[in-house]
Amino acid sequence: MNRTRSVFLSVFTNRRMAVTLLLMFASSFPLPLTSSGTTFQVWLKRSDVDIKTISALTLVGLPYSLKFLWAPLLDRFVPPFLGRRTGWIAIFQILLMACIGSMGFFNPSSEMTQIIVLATGISFFSASADIVIDAYRVDLLRPEERGAGASMVMLGGRLAFLTSGALALILADHFSWQQVFLIMSGCLSLGLVTVFFAPQPEVEVVPPKTLSEAVIDPIASFFKKPGAIEILLFVVLFKMADTLASSLLSPFLVELGFTNTDIGSVNKVFGLILSLFGGLVAGAVIPKWGVYKSLWIFGVLQAVSNFVFVALAIHGKNYAWMVASIGVENFCGGLGTAALVAYLMGLCEQKFSASQYALLSSLTAVARTVLASGSGIMVKALGWPKFFAITALLAAPGLLLLKRLGRFEASSKI
């Protein structure tokens with residue numbers, strides 16, 4: 265028993281886990297500040313931008329869905345400083361800090377064009393940073409560390425959302441939006457500092473020698489996997505129900521009459537704590553259950569949890585219902601996210617980790633960007649209760665595909 269506990273603690277407390285945590289913080293930090301992010305949406309809503317425009321602006325996040333297009337460049341070329349991955353991470357962190365710091369100098373009611381350009385820039389640089397951070401994690405972690413690594417991904421991401429989501433909203437009740445964006449830009453420096461202390465992967469991987477090799481070989485290699493097409497479709501659909509339900513959650517809470525502090529403290533702080541707890545629980549059980557079984561159980565739970573928002577929409581402004589709804593949905597969503605991250609890491613090869621993980625994670629962003637862009641129209645036509653009910657039912661296609669992927673369960677285990 266003591267030996268098992270010692271092994272468990274060593275996995276969760278080693279240097280690779282610490283760097284995974286900090287870089288995932290940097291990777292996730294920009295999202296609430298643009299596209300479908302909470303802070304960005306609340307800023308626009310408070311500036312009297314209508315809900316259709318807000319939902320349409322999720323298309324600003326398209327770089328997250330298209331990042332596989334330039335990922336081969338980041339596999340092929342190596343910066344002349346730091347490491348193969350960490351050099352690129354440093355470059356993108358600097359660019360992100362500059363764009364985020366500039367955002368608050370513009371007024372959404374009169375300078376939307378400039379805001380869209382900046383938001384698109386943030387999405388592009390953030391998606392590019394995601395490519396190399398995800399690839400670095402795949403290269404760095406040992407196979408037995410993937411479950412724990414998925415938990416660190418959850419923790420780093422949730423801490424980032426807590427800062428650029430909850431903290432930013434709370435600060436917005438006391439400071440100007442210009443000051444808030446400058447503070448957020450400063451917080452992102454944590455990722456820049458981390459790369460100077462990040463270890464290099466234990467196995468030295470030779471980058472592709474030509475751009476052709478970087479573009480063609482990772483795709484050809486991936487499609488040699490059994491059920492490759494079904495895997496790609498599953499990655500698109502698995503989080504669709506959960507993502508669509510949360511895509512307009514902040515404007516939904518604003519319409520119910522909750523304050524910025526309510527949204528920040530409950531939706532972000534409490535919700536992220538429960539999401540983190542779900543991720544840690546998943547990280548502990550995935551090595552025992554295997555990825556396939558974990559995806560099944562957690563996929564069902566995250567779909568069913570969407571119905572809590574149906575109840576909240578019916579009850580209206582009710583603080584207790586809001587706390588319960590956000591807690592349940594975030595815990596179940598955390599379970600599903602950790603299982604999916606572990607699954608994606610197991611699918612990638614180190615030589616092409618940037619290209620292959622970018623392809624897979626781009627597909628997970630489809631629901632957050634392209635599909636979510638029409639969610640405002642659905643809300644206008646159906647109302648909030650029916651909208652949330654439909655999002656729960658949209659989990660069915662992903663679960664049906666998962667059943668077919670059961671034929672390849674052995675190749676999905678960690």
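Residue 265 is where the sequence shown starts when you use the working numbering, and the numbers rise one by one after that. Idealized CB from N, CA, C, for every residue including glycine.
Exercise. Applying the criterion that 16 or more other CB atoms from any shown protein chain within 10 Å of the CB defines a buried residue, is LYS503 buried or exposed?
Worked result: Working through the sequence shown from its first residue, we reach residue 503 at position 239. Burial is judged here by how many other beta carbons sit within 10 angstroms of a residue's own beta carbon; LYS503 has at least 16 and is buried.
For this session: Could you tell me the boundaries of the alpha helix (DSSP H) in which HIS579 lies?
Result: Position 315 of the sequence shown, counting from 1, holds the residue named residue 579. From DSSP, the alpha helix (DSSP H) with HIS579 extends over 571-579.
For this session: Flag this pair as yes or no: are the beta carbons of MET288 and GLY421 separated by less than 8 Å?
Result: By 1-based counting over the sequence shown, the position of residue 288 is 24. By 1-based counting over the sequence shown, the position of residue 421 is 157. For the 8 Å CB-CB criterion, MET288 and GLY421 form a contact.
Exercise. Hey, how far is the Cα of ALA478 from the Cα of THR525?
Worked result: Taking the sequence shown and counting its residues from 1, one reaches residue 478 at position 214. Taking the sequence shown and counting its residues from 1, one reaches residue 525 at position 261. Taking the Cα positions, ALA478 is about 47 Å away from THR525.
For this session: Evaluate the contact criterion for the segment 417-435 versus the segment 343-363: three or more CB pairs, one atom per stretch, below 8 Å.
Result: By the criterion of at least three beta-carbon pairs nearer than 8 Å, the segment 417-435 is not in contact with the segment 343-363.
For this session: Would you kindly check if the distance between the Cβ of PRO294 and the Cβ of THR302 is under 8 Å?
Result: If you number the sequence shown from 1, residue 302 lands on position 38. If you number the sequence shown from 1, residue 294 lands on position 30. No, they are not a contact pair.
For this session: For my contact list, CYS596 and LEU565 are in at a C-beta cut-off of 8 Å; report their separation, rounded to the angstrom.
Result: Taking the first residue of the sequence shown as 1, we reach residue 596 at position 332. Taking the first residue of the sequence shown as 1, we reach residue 565 at position 301. The C-beta separation of CYS596 from LEU565 comes to about 4 Å, placing the pair in contact by the 8 Å criterion.
Exercise. If you draw a straight line from the C-alpha of MET586 to the C-alpha of THR523, how long is it?
Worked result: The count along the sequence shown starts at 1 and reaches residue 586 at position 322. The count along the sequence shown starts at 1 and reaches residue 523 at position 259. Cα-Cα distance, rounded: 12 Å.
Exercise. At which residues does the alpha helix (DSSP H) containing TRP352 begin and terminate?
Worked result: Taking the first residue of the sequence shown as 1, we reach residue 352 at position 88. TRP352 -> alpha helix (DSSP H) spans 350-367.
For this session: Count the other CB atoms, across all protein chains shown, that sit within 10 Å of the CB of THR322; report buried if there are 16 or more and exposed otherwise.
Result: By 1-based counting over the sequence shown, the position of residue 322 is 58. Classification of THR322: buried, given that the 10 Å Cβ count is 16 or more.
Problem set entry | Cutoff 6 Å; reference THR284; Cβ partners in own chain excluding five residues on either side | Against the sequence shown, residue 284 aligns to sequence position 20. ARG401, GLY413, MET416.
Problem set entry | Contacts around ILE386, its chain only, beta-carbon distance under 8 Å, and the 5 residues preceding and following it disregarded | Counting from one through the sequence shown, the residue named residue 386 turns up at place 122. These residues qualify, in order along the chain: PRO294, LEU297, THR298, LEU360, CYS363, ILE364, MET367.
Exercise. Apart from the five residues on each side of it in sequence, which residues of its chain come closer than 6 Å, Cβ to Cβ, to PHE461?
Worked result: Reading the sequence shown from its first residue, position 197 is the one you call residue 461. Result list for PHE461: empty, nothing under 6 Å.
For this session: Output the distance between the C-alpha atoms of PHE498 and PHE388, rounded to the nearest integer angstrom.
Result: One-based indexing of the sequence shown puts residue 498 at position 234. One-based indexing of the sequence shown puts residue 388 at position 124. Roughly 25 Å between the two C-alpha positions.
Problem set entry | Contact check, SER225 vs SER329, beta carbons under 8 Å | Within the shown structure, residues of the chain are numbered from 265 to 678, placing residue 225 beyond reach of any answer.
Exercise. What three-state label does DSSP hand LEU331 in the structure shown?
Worked result: Here the question's residue 331 lines up with position 67 in the sequence shown. The sequence given here places Lys at residue 331; Leu does not occur at that position. Helix at LYS331.
Problem set entry | Enclosing alpha helix (DSSP H) for GLU408 [first to last residue] | Working through the sequence shown from its first residue, we reach residue 408 at position 144. In the DSSP assignment, GLU408 falls outside any alpha helix (DSSP H), carrying neither H nor E.
Exercise. In terms of residue numbering, what span does the alpha helix (DSSP H) encompassing CYS451 cover?
Worked result: Locating residue 451 in the sequence shown gives position 187, counting from the first residue. Where CYS451 is concerned, the enclosing alpha helix (DSSP H) stretches over 441-451.
For this session: In angstroms with no decimal places, state the Cα-to-Cα distance between SER511 and ALA548.
Result: Here residue 511 corresponds to residue number 247 of the sequence shown, with the count starting at 1. Here residue 548 corresponds to residue number 284 of the sequence shown, with the count starting at 1. Straight-line spacing of the CA atoms in SER511 and ALA548 works out to 28 Å.
Problem set entry | Where GLY610 falls: helix, strand or coil (DSSP) | Residue mapping note: residue 610 aligns to position 346 of the sequence shown, counting from 1. In the structure shown, GLY610 sits in a helix (DSSP, three-state: H, G or I).
For this session: Tell whether a beta-carbon distance below 8 Å holds between LEU538 and GLY600.
Result: As a working mapping, residue 538 is identified with position 274 in the sequence shown. As a working mapping, residue 600 is identified with position 336 in the sequence shown. If you check the CB distance, LEU538 and GLY600 do not come in under 8 Å.
For this session: With DSSP as the reference, label PRO661 as helix, strand or coil.
Result: As a position in the sequence shown, residue 661 is number 397, starting the count at 1. In the structure shown, PRO661 sits in a helix (DSSP, three-state: H, G or I).
Exercise. Should TYR621 go down as buried or exposed, given a rule of 16 or more other Cβ atoms within 10 Å for buried?
Worked result: Sequence index remark: in the sequence shown, residue 621 carries index 357 (1-based). With 16 or more other Cβ atoms within 10 Å, it is buried.
Problem set entry | Rounded Cβ spacing between GLY640 and LYS316 (contact assumed at less than 8 Å) | In the sequence shown, counting from the first residue as 1, residue 640 sits at position 376. In the sequence shown, counting from the first residue as 1, residue 316 sits at position 52. Separation of the CB atoms of GLY640 and LYS316 is rounded to 5 Å, and the pair is thereby assigned contact status at 8 Å.
Exercise. Around the C-beta of VAL314, are 16 or more other C-beta atoms found within 10 angstroms, so that it is buried, or is it exposed?
Worked result: Counting from one through the sequence shown, the residue named residue 314 turns up at place 50. With the sequence shown as reference, residue 314 is identified as Asp, and Val is not the correct amino acid for it. The Cβ neighbour count for ASP314, taken over all protein chains shown within 10 Å, is under 16; the residue is labelled exposed.
Exercise. Are the CB atoms of ALA603 and VAL545 nearer to each other than 8 Å?
Worked result: Reading the sequence shown from its first residue, position 339 is the one you call residue 603. Reading the sequence shown from its first residue, position 281 is the one you call residue 545. Against a cut-off of 8 Å, the Cβ pair of VAL545 and ALA603 comes out as no contact.
Exercise. Going by the beta-carbon positions, is the gap between SER619 and ASP403 smaller than 8 Å?
Worked result: To locate residue 619, count along the sequence shown from 1; it is residue 355. To locate residue 403, count along the sequence shown from 1; it is residue 139. Their beta carbons are not under 8 Å apart, which means SER619 does not touch ASP403 by this criterion.
For this session: Report the three-state DSSP secondary structure of THR284 (helix, strand or coil).
Result: If you number the sequence shown from 1, residue 284 lands on position 20. Here THR284 sits in helix by DSSP.
Exercise. Do you know whose CA, among PHE571, ALA575, ALA290, PRO471, lies nearest SER453's CA?
Worked result: In the sequence shown, the residue the question calls residue 453 occupies position 189. Nearest of PHE571, ALA575, ALA290, PRO471 to SER453, Cα basis: ALA290.
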